[in-house]
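Positions -15 to 220 (my numbering) are the ones given, in order, by the sequence shown.
Structure first, commentary second.
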Amino acid sequence: MSSVPATGAVRARVATRSRRGTPTPARQGRQLLLWIHILSSVSWMSQALALLVLLSRGGTEGAVAAHVLDTTVLVISANVSAMSGFLLSSTTPWGFFLHRWVLVKFLITVAQLVVGIAVLSPRLNEVADRAATDGQVTVPTGLLISTVIMASLIAFQGWVSVAKPWPRVPGRSRTKAPVPRPGIVAAAPVALVGDVLVFAILGQPIPVCSLTALIAALVGRRDGRREAERAGTSVS
């Protein structure tokens, strides 16, 4: 006879804790994901500056050390930073293309990855190979400038994340983007840790875990959008 009021009291306490912001698995997952994103982004910028210092010294040891740094700490920092940013966009109402500041960060990140993989890393490998075999080090000026630009763009992205300086993308709905199920959000940081383990084992940055989580998040967002449309609301 007293179980009904007790059940109601329990539900009331749960609702109160929810309103007060008691951490849920999804919320904790987003917080951890944000922490990983900040940490890896700072690491990426720091390693870019370290590359600049090592290459500027002009010695054989500096060029070889820069190559080691690029193929170890920098490459995994860049991948984790990029993938954690993509996962944040796909698991939060910010989305990818609703807000200009998010869109700018997304485009800069993609450009950095493409240029870093296709241009900067091969050039750095050539410099390190010549230093190791011939003992000659000629660091192209363009490589030094590119390293400065990389670090500067990461710093700029950090400012954009804090200031959020621009309005929403024109023509997009004012409705928040849908989010996937809490389980997918909570699993996103675990996927990033999985990528680090894959890199530690194989020595190559293969973001298979985070890509799987990203696909799951995008599918979850699509399902959320369909549910919103069935409910009579429009989500961009």
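Just so you know, even glycine gets a beta-carbon here, dropped at the ideal spot from N, CA and C.
Model, not experiment: these values are computed from the prediction.
Check	Outcome
6 Å Cβ shell around Met67 - same chain, five flanking residues per side excluded	Pro191 and Ser194
Top-ranked residue by Cα proximity to Val88, from Ile199, Gln31, Arg107 and Val144	Val144
Residue interval of the alpha helix (DSSP H) (run including Ala49)	Thr44 to Leu53
Inter-residue Cα distance where the pair is His51 and Asn109	6 Å
Phe140, buried or exposed, once every other Cβ within 10 Å from all chains shown has been counted against 16	exposed
Distance between Pro7 and Ala221 (C-alpha atoms, nearest Å)	For residue 221 there is no data in the structure shown, the boundaries of the chain being -15 and 220.
4 or more residues per run - each alpha helix (DSSP H) lying fully within the region 80 to 151	84 to 99, 105 to 117 and 125 to 147
Rounded straight-line distance, which links the Cα of Leu53 to that of Val26	15 Å
Whole-angstrom distance between Val48 and Gly126, CA atom to CA atom	18 Å
Supposed close pair Ala62, Trp28 - CB separation, criterion 8 Å	5 Å
Range covered by the alpha helix (DSSP H) that runs through Pro166	Pro166 to Leu186
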